[in-house]
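With numbering that gives the first Met the number 0, letter number 408 in the sequence shown gets 407, and the count goes up by one each step, no holes.
First up is the structure itself, then whatever we jot down about it.
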Amino acid sequence: MSLLTRLVYGGTEACIHRAQNAIVAAIEEYGARTELPFRKTAYFLPIIYALTGAECHTLEDLLNVLEDIKKNLPANEADITDDTKDGLEYGLTALMASEITAYCRGLADPEATEGFIADYQLRKTGFDFCSLKMNGAYIISGVITDEQGVNRIAEQYLRQGAGVFLPTAIKAKYTPGHGSEWVLPCGESKETAFYAVSALVRMAMMFGRVIPGDKASVIRYIDEKAYCCANVFGELNSEDIAVCAGFITLGIPVLANAPLNECVLPGSFESESEFYSFAERSVKMNGLPEYKRSDIPVGTNDAYRFEDVEDNEIAYAAGTDTGRTWAMALSRQPESVTDRLVETVGSERFISGRKDEHLFVMAEICGEKLNDIAEAVIEKKLPEWIDSAEGVSCRVVNGKMVLKVSNTALRNGFTPYILGRIVYDGIKTEFGGIVDKAQISVISDAEKVGKLIDRVGMLKTLQTDDKTGSIRDDNCDRFYICAKCSARCPGRYCVITPSKQGGCGRIDYITAMISYRSSEESGFQEVSAECINKDRGICPDVNRGLKDATGTEREAALYDSVKPGIPQIPFAECYAITSPDRQGIIIAYKDYDGIVPGNISSYDEAAHTADRGEPVEGIEGVSAEFLASGKFMNASGGIKRIIWMPKSLKERLGDRLDKISDDSNFSYQVSDETRSTDFERVADMARYQDHPAYLMEKL
0 MSLLTRLVYG GTEACIHRAQ NAIVAAIEEY GARTELPFRK TAYFLPIIYA LTGAECHTLE
60 DLLNVLEDIK KNLPANEADI TDDTKDGLEY GLTALMASEI TAYCRGLADP EATEGFIADY
120 QLRKTGFDFC SLKMNGAYII SGVITDEQGV NRIAEQYLRQ GAGVFLPTAI KAKYTPGHGS
180 EWVLPCGESK ETAFYAVSAL VRMAMMFGRV IPGDKASVIR YIDEKAYCCA NVFGELNSED
240 IAVCAGFITL GIPVLANAPL NECVLPGSFE SESEFYSFAE RSVKMNGLPE YKRSDIPVGT
300 NDAYRFEDVE DNEIAYAAGT DTGRTWAMAL SRQPESVTDR LVETVGSERF ISGRKDEHLF
360 VMAEICGEKL NDIAEAVIEK KLPEWIDSAE GVSCRVVNGK MVLKVSNTAL RNGFTPYILG
420 RIVYDGIKTE FGGIVDKAQI SVISDAEKVG KLIDRVGMLK TLQTDDKTGS IRDDNCDRFY
480 ICAKCSARCP GRYCVITPSK QGGCGRIDYI TAMISYRSSE ESGFQEVSAE CINKDRGICP
540 DVNRGLKDAT GTEREAALYD SVKPGIPQIP FAECYAITSP DRQGIIIAYK DYDGIVPGNI
600 SSYDEAAHTA DRGEPVEGIE GVSAEFLASG KFMNASGGIK RIIWMPKSLK ERLGDRLDKI
660 SDDSNFSYQV SDETRSTDFE RVADMARYQD HPAYLMEKL
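What follows is the structure, encoded as structure tokens:
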């Protein structure tokens, strides 16, 4: 028997013994029927549930499960085979035993479960994970003596477009990602690193349609769908090595900074003493394809989008006050475009201390498949691509591009040329199928910027808005079925129309159309928009397309949230839920994690109904914009059916609620959490106010 197998066996025994003691002590103090703490998941306890199918709700359940998982370990060391694979599998038992110990401790000390990631947090990153925007995940745990060094490693992972699990205390201090959703907690010690595994197995069940208890499918999903590597710092005892063996069995290689000697498994369990080599070694171990790596010196991925640059961190800014700025895409003849050319006119660097500069970013593009609408879409994307750079904020405010560059970004090498490279890479990555060549100009010369804006800027924007805003469900002949997430989220599809974005809220009609025309492998299917029932939005070709995609006969109703007939996605921006009395619609919103009135009590619970990937009567995942489109619930009273939605969503949709309902008082009649989260009270208030939903027939 190898030394590694002996250590894994001994460590797993120790984990089981610790779990046994924790359960016995907890039962003596609280009683066997005591419910377990920290219910922030529908998969309780996630690792045990995923690997065994057993649901644990009480201490008694834990005791029964522990007796079952003990059987995974030979009774005597002499019975162990010398098969390394079998030895590593004991590590799964160590993970489950560690999960039991943590939850028992949580009864007496709620902080013992600190670092556990709630379902709603995972669902918020679901689209990024399933659409392959997130290039895997790295788990950092153990005894951290060099926090700055660990931060540098985390930054390198984010630059590769990956998510990072950090010890809770370090995540709390983490600044480069500005609290990005791609930086997640995983507890304080090596033993609570299993919280990261808990997140991964739940992703398998949420997004991969993996059935709880199907251990082989759980392992296959994590191994094949998630590029992962665990970094473990500090000395390793046998229990630590047993947990590491569990990681390895799940397809997560481990890189430690302690010497492993005879325990090294090339490619799976390796050692690295130098901090500066950790990230490079880990990227190679997790199998991230070469084409996903970038030579741009700043991180560029969606983890950095929507994060503003704090005022005290701004080194350079353009367009914040009187500075004139613009971003434009122009179609050209092929002979006038030099592919990959990035020109800077004016300064070749962003000068620190300049806070209201002029800037013009122009993308000149050509391609046989290009048209006016594609050009308009690319133009609107330019600020988004710039905004994806680490330490950079780029927004359109009142029709003007506002760019803010942090001290960190300047130190890391963000220059006008790099800005142009980021724009070029964005064009070729998303629209390479229709853009044959692209050249980028980044102009900071104030006089030239002014002339360009005066000559073409205002006219171009009016044309862009007209081209993208004039298409409606009733005047277009094509809709799109989106399978953007199917690589990691099999069986989930959205139907995209001009009024109906993808349920994730990220994919609109124009993006779907241009992406489809750009590449046959875009993840979109084009179908006829001809309807046989315009009120409910029933289109024969949509039904045929969904049957081709799912293998199941369906009647999809695009504008009916009671009987939508469309496979659910588990990370929709909103869920439209039929109220218990079937008079109205209640909206759960992903950015609100409080109580929702009715039979479904939270966004998490609503999303959990979607994990099977099947249509569910009385609930539909929709985008926030669809609610205010005029087509929502078209056959059954429209937006006037909404009786409750979170305050933040009501504020976001603003006056559009009143405008579409043709009632200036309607948004006031829609309750939110500041009034009540009890359904009976919400219904009473709606009846008292003569809410239009209660003047209609039941749904």
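Ideal Cβ placement from N, Cα and C applies to all residues, glycine included.
Please read all numbers here as calculations on a predicted model, not as lab measurements.
#1: Using a 10 Å radius around the Cβ and a threshold of 16 neighbouring Cβ atoms, would you call G176 buried or exposed?
#2: Enumerate in chain order the residues of its own chain whose CB-to-CB distance from D689 is below 6 Å, with the five nearest sequence positions on each side excluded.
#3: Grab the span of the beta strand (DSSP E) containing F523 for me, first residue to last.
#4: What is the rounded straight-line gap between the Cα of I659 and the Cα of F625?
#5: Using a Cβ-Cβ cutoff of less than 7 Å, which residues in the same chain neighbour T510 once the five nearest sequence positions on both sides are dropped?
#6: Kindly indicate which residue of G550, R516, V401, I568 has the alpha-carbon position closest to the one of E367.
#7: Are the beta-carbon atoms belonging to F206 and C484 less than 9 Å from one another?
#8: Could you give the C-beta distance for E271 and N256, rounded to a whole number, given that I count them as a contact under 8 Å?
#9: From the DSSP output, which residues share a beta bridge with G620?
#10: If we require 4 or more residues per run, which alpha helix (DSSP H) segments fall completely within the stretch 79-138?
#11: Go ahead and pull the three-state DSSP assignment for H177.
#12: Starting from the C-beta of S440, find all residues in its chain whose C-beta is less than 7 Å away, skip the five residues before and the five after it, and write them out in chain order.
#13: Who are the Cβ neighbours of A605 in its own chain at under 7 Å, not counting the five residues just before and after it?
#14: Applying the 10 Å Cβ sphere with the 16-neighbour rule, what's the burial state of D453?
#15: At the level of alpha carbons, what is the spacing between I642 and S628?
#16: For E650, name the three-state secondary structure that DSSP assigns.
#17: Roughly how many whole angstroms lie between the Cα atoms of R219 and E98?
#18: Would DSSP call A326 helix, strand or coil?
#19: Taking buried to mean at least 16 other C-beta atoms within 10 Å of its own C-beta, is G412 buried or exposed?
#20: Check K734 in the structure and name its three-state DSSP category.
#21: If you run the structure through DSSP and keep just helix, strand and coil, what is M361?
#22: Using only the alpha-carbon positions, how far apart do T608 and A634 sit?
#23: What does DSSP give as the partner residue(s) for A388 in the beta ladder?
#24: Name the DSSP bridge partner or partners of Q438?
#25: How is the alpha helix (DSSP H) around P45 delimited, first residue to last?
#26: Given a threshold of 16 other Cβ atoms within 10 Å of its Cβ, counted over all protein chains shown, does Y275 qualify as buried or as exposed?
#27: Quick one, are the C-beta atoms of T92 and G250 less than 9 Å apart?
#28: Mapping DSSP to helix, strand and coil, what is V263?
#29: From the DSSP output, read off the bridge partner residues of G162.
#30: Quick one: what does DSSP say M400 is sitting in, helix, strand or coil?
#31: Does DSSP put Y194 in a helix, in a strand, or in coil?
#32: Residues in the same chain with beta-carbon distance under 7 Å from N134, minus the five sequence neighbours each way, listed in chain order, please.
#33: Could you work out which residue in L94, E223, Y8 is closest to N75 when comparing CA atoms only?
#34: Under 9 Å, do L381 and G318 count as touching if we go by C-beta distance?
#35: For V196, does the count of other Cβ atoms within 10 angstroms reach 16, so buried, or fall short, so exposed?
#36: For L50, which residues from the same chain have a beta carbon less than 7 Å from its beta carbon, with the 5 sequence-adjacent residues on both sides left out?
Put simply:
#1: Per-residue confidence for G176 stands at a pLDDT of 45, beneath the threshold of 50, marking its modelled position as unreliable; no derived number is given.
#2: In its chain, beyond the 5 residues on either side, no residue has a beta carbon closer than 6 Å to the beta carbon of D689.
#3: First-last of the beta strand (DSSP E) with F523: 523-527.
#4: Each residue's alpha carbon lies about 12 Å from the other.
#5: Here the set comprises V376.
#6: When G550, R516, V401, I568 are compared, the shortest CA-CA separation from E367 is found for R516.
#7: In this structure, F206 places its C-beta atom within 9 Å of the C-beta atom of C484.
#8: Going by Cβ atoms, the distance from E271 to N256 rounds to 6 Å, so yes, they are a contact pair.
#9: Its beta-bridge partners are Y574.
#10: Within the stretch 79-138, the complete alpha helix (DSSP H) runs of at least 4 residues are 83-107, 118-123, 125-129.
#11: With a pLDDT of only 42 at H177, under the threshold of 50, the placement of this residue in the model should not be trusted, and no figure is reported.
#12: The answer, listed in chain order, is E342, V344, M361.
#13: Counting only Cβ-Cβ distances below 7 Å, and skipping sequence neighbours, we find Y574, I576, A587, I599, I618.
#14: Using a 10 angstroms sphere on the CB of D453, the tally of other CB atoms stays under 16, which defines it as exposed.
#15: Each residue's Cα considered, the two are about 17 Å apart.
#16: E650: helix per DSSP, three-state reduction.
#17: Approximately 21 Å, taken between the alpha carbons.
#18: Residue state, collapsed to three classes: strand.
#19: Exposed, by the Cβ-count rule.
#20: Residue coverage of the chain in this structure runs from 0 to 698, which leaves residue 734 outside it and unanswerable.
#21: M361: strand per DSSP, three-state reduction.
#22: For T608 and A634, the distance between alpha carbons rounds to 24 Å.
#23: Under DSSP, A388 shares a beta bridge with T299.
#24: Note: Q438 sits in a beta bridge opposite E363.
#25: Residues 45-51.
#26: Exposed, because fewer than 16 other Cβ atoms sit within 10 Å of the Cβ of Y275.
#27: It is not a contact, given that the beta carbons lie outside the stated cut-off.
#28: V263 falls in the coil class under three-state DSSP.
#29: The partner list for G162 (beta bridge, DSSP) reads A136.
#30: DSSP places M400 in strand when its eight states are reduced to three.
#31: Reduced to three states, the DSSP call for Y194 is helix.
#32: Contacts found: Q159, G160, A161, Y226, L287, K291.
#33: Out of L94, E223, Y8, Y8 has the C-alpha closest to the C-alpha of N75.
#34: For L381 and G318, no; Cβs fall outside 9 Å.
#35: With 16 or more other Cβ atoms within 10 Å, it is buried.
#36: L91, M95, K214, V217, listed in sequence order.
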